[in-house]
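Data block below; observations after.
Residue numbers (our numbering): 10 to 128.
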């Protein structure tokens, strides 16, 4: 392929899709790592007697962890060419994980607005 006198390397579609899938897995790993670092940081702040808001603790520690695990679980079985039953069972676990994140998020929002009403 030549555009304006430059020769451009063509990337095949399958290679690009595989790269995009692995980039989603890498983002999930970064979210899990960030969540673990956030929990470690929270524990060091608690040792120093700093008060942390419980809503912020949940948002910065648990949501990235659960979202990262969901992202990893979505792509990895298919990328590793796992059998269909393994992919289906991981999809079912991811659905339960998504429902759990939704319940936790709604619970946090409810607690946030309930706390604002009492002020």
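Positions of the beta carbon are idealized from the N, C-alpha and C atoms, including for glycine.
For the pair residue 36 and residue 80, the CB atoms are nearer than the 9 Å cut-off.
For the pair residue 45 and residue 74, the CB atoms are nearer than the 9 Å cut-off.
Residues 72 of the same chain have their beta carbon placed closer than 8 Å to that of residue 114, with the five preceding and five following residues left out of the count. For residue 119, the uninterrupted alpha helix (DSSP H) run begins and ends at 93-126, by DSSP. Residue 49 and residue 40 have their C-alpha atoms roughly 14 Å apart.
Residue 78 sits buried, since 16 or more C-beta atoms from the chains shown fall within 10 Å of its C-beta.
Take the alpha-carbon of residue 23 and the one of residue 86: they are about 17 Å apart. Taking all protein chains in view, the Cβ of residue 83 is crowded by 16 or more other Cβ atoms within 10 Å, so the residue is classified as buried. Annotated three-state conformation of residue 40 is helix, per DSSP. Note on geometry: alpha-carbon atoms of residue 47 and residue 110 lie some 18 Å from one another.
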